[in-house]
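Numbering (this note's numbering), first residue to last: 1 to 326.
Worksheet for the structure shown next.
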């Protein structure tokens, strides 16, 4: 893995979500069945077939990587989150994949003194673990303690991860500045010239999720509309939008053009908001234990496997209301 290189897109003409062996699901259907084309396992799975993977100008072999999010070290001033991150890291050291992408909220409530603890555990994994800040992270301390530039490109062979900080400490919503949009435009144009595909990683989703969902997203006047316009211009390059923030397990949508938008599970705790019972758009796999996601991109598909951490129960109960994390 190197920094500053290629992009990636995936898919069929319109893109599909599949979560069962025989059925293509619409936006209101949910399932934990094994996906056709995905390796059989005990994990909940989902397969995406985005348009961009059909691009003929990208020479590509299979890619494997892992997504983690929302470690929240220092949660409730207890040691449980650090212990969970340690247990997760022990598994990640042996997990398939050449890099581990962390989608934000490394620490909880701005507890910057815990970045060295995160870093020590991270470094023992033995693989690159690029990260972006979440709304619980202090950007300056994040950059200083983790030696991570905030907005940057990470390359994995023919796939470029565009890592963007769209979170603020004082809000659950997301914010994309004019300068960041210009940066994204340049990197997407570079991807086209370099014949690479792109995955955009931001802590807060762009998707306008509303009740019964979280309702936390990038509002139209804070960059959402401009972002979607930009992605539409480069739709044959953009593989997916990747987010943390929700603590809902794997939650996703494909109701904005051809772009797949996915929020990933927290390794600390997740909640079942019973979105399928309330006919919420999109999909939400019925797996809510603390976990991470193993991803393989091959044969025109993005195969996502939800991997619960060990067999431990969640750190927080599913009906937690007063101390909701993002």
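Backbone N, C-alpha and C define an ideal beta-carbon position, used for all residues, glycine too.
Residue ranges of each beta strand (DSSP E) run of no fewer than 3 residues wholly in the region 125-177, ordered along the chain? 152-156, 159-164, 171-174
Where the alpha helix (DSSP H) containing residue 113 begins and where it ends: Premise fails: residue 113 is in no alpha helix (DSSP H) and is neither H nor E.
How long is the line joining the alpha carbons of residue 149 and residue 67, rounded to whole angstroms? 19 Å
Residue 263 - containing beta strand (DSSP E), residue span: 259-263
With respect to the beta strand (DSSP E) encompassing residue 306, which residues constitute its N-terminal and C-terminal limits? 301-308
Return the Cβ separation of residue 243 and residue 270 in integer angstroms, given the expectation that the two are a contact with Cβ distance under 8 Å. So it is not a contact: roughly 14 Å between Cβ atoms.
Using the beta-carbon count (16 or more within 10 Å), is residue 329 buried or exposed? Any property of residue 329 remains undetermined from this structure, which presents the chain solely from 1 to 326.
Could you tell me the alpha carbon to alpha carbon distance between residue 48 and residue 302, rounded to whole angstroms? 5 Å
DSSP on residue 255, reduced to helix/strand/coil? strand
Evaluate residue 304 with the Cβ neighbour count: other Cβ atoms within 10 Å of its Cβ, from every protein chain shown; 16 or more gives buried, anything less gives exposed. buried
Bridge partner(s) assigned by DSSP for residue 66: 100, 294
So is residue 31 buried or exposed if we call it buried at 16+ other beta carbons inside 10 Å? Any reading at residue 31 must be qualified, since the residue scores a pLDDT of 35, below 50, and its modelled position is unreliable; no value is offered.
Coil, strand or helix - residue 208 by DSSP: coil
Specify, as a first and last residue, the run of the alpha helix (DSSP H) that residue 231 falls within. 224-233
Quick one: what's got a C-beta closer than 6 Å to residue 2's C-beta in the same chain, skipping five residues either side? Any reading at residue 2 needs caution, since the residue's pLDDT is 36, under 50, leaving its predicted position unreliable; the model's value is listed next. The answer, listed in chain order, is 155.
Among 184, 110, 274, which has the Cα closest to the Cα of residue 213? 274
Give me, in chain order, the residues of the same chain whose beta-carbon lies closer than 6 Å to that of residue 118; leave out the 5 immediate sequence neighbours on both sides. 73, 106
Taking the alpha-carbon positions, what's the residue 83 to residue 121 distance? 10 Å
According to DSSP, which residues form a beta bridge with residue 198? 160, 238
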